[in-house]
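Notes to accompany the following structure.
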Amino acid sequence: MTSETSTPASSLTDKEREAIEQMPYEEARDKLIQAVQALEAGGLNLDQSMRQWEIGEALAKRAQSLLGEVRAKLDAAQAEQATAANTAGTQDNLS
């Protein structure tokens, strides 16, 4: 028996993945909440539960990616502001 690393089959279609990848943060967050609630409510068979899990994972990844982009922009703006504050009132900002 050989040990191979393989990606498990996904129930999400490429179209569904693309739709999730285009969602704004708020929509991804809201749909993630719905997926979690569906799992918490129970009553789903194994296939339905796995599908909700996959949807939730994709939505969480999208939301985290968007939050990371915002964090990077905020960090860049803060660094720029700090640089400007450090040179305020010096000869460096007169050129």
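Each residue of the sequence shown is one higher than the one before, starting from 5 at the first, in this note's numbering.
The beta carbon of each residue, even a glycine, is placed where N, CA and C say it ideally should be.
Could you tell me the boundaries of the alpha helix (DSSP H) in which residue i lies?
{"i": "residue 46", "result": "Per DSSP, residue 46 belongs to no alpha helix (DSSP H) and is neither H nor E."}
{"i": "residue 54", "result": "50-91"}
Please check the pair residue i and residue j, which I expect to be a contact at CB under 8 Å, by giving their CB distance rounded to whole angstroms.
{"i": "residue 24", "j": "residue 64", "result": "Contact flag wrong, Cβ pair sits at about 10 Å."}
{"i": "residue 48", "j": "residue 56", "result": "7 Å"}
{"i": "residue 33", "j": "residue 67", "result": "5 Å"}
Excluding the five sequence neighbours on either side, which residues of its own chain have a C-beta within less than 7 Å of the C-beta of residue i, listed in chain order?
{"i": "residue 40", "result": "60"}
Go through its chain and collect everything with a Cβ distance to residue i's Cβ below 6 Å, but skip five positions before and after it.
{"i": "residue 71", "result": "none"}
{"i": "residue 8", "result": "No answer about residue 8 holds up, because its pLDDT of 47 lies below 50 and its placement is not dependable."}
{"i": "residue 42", "result": "56"}
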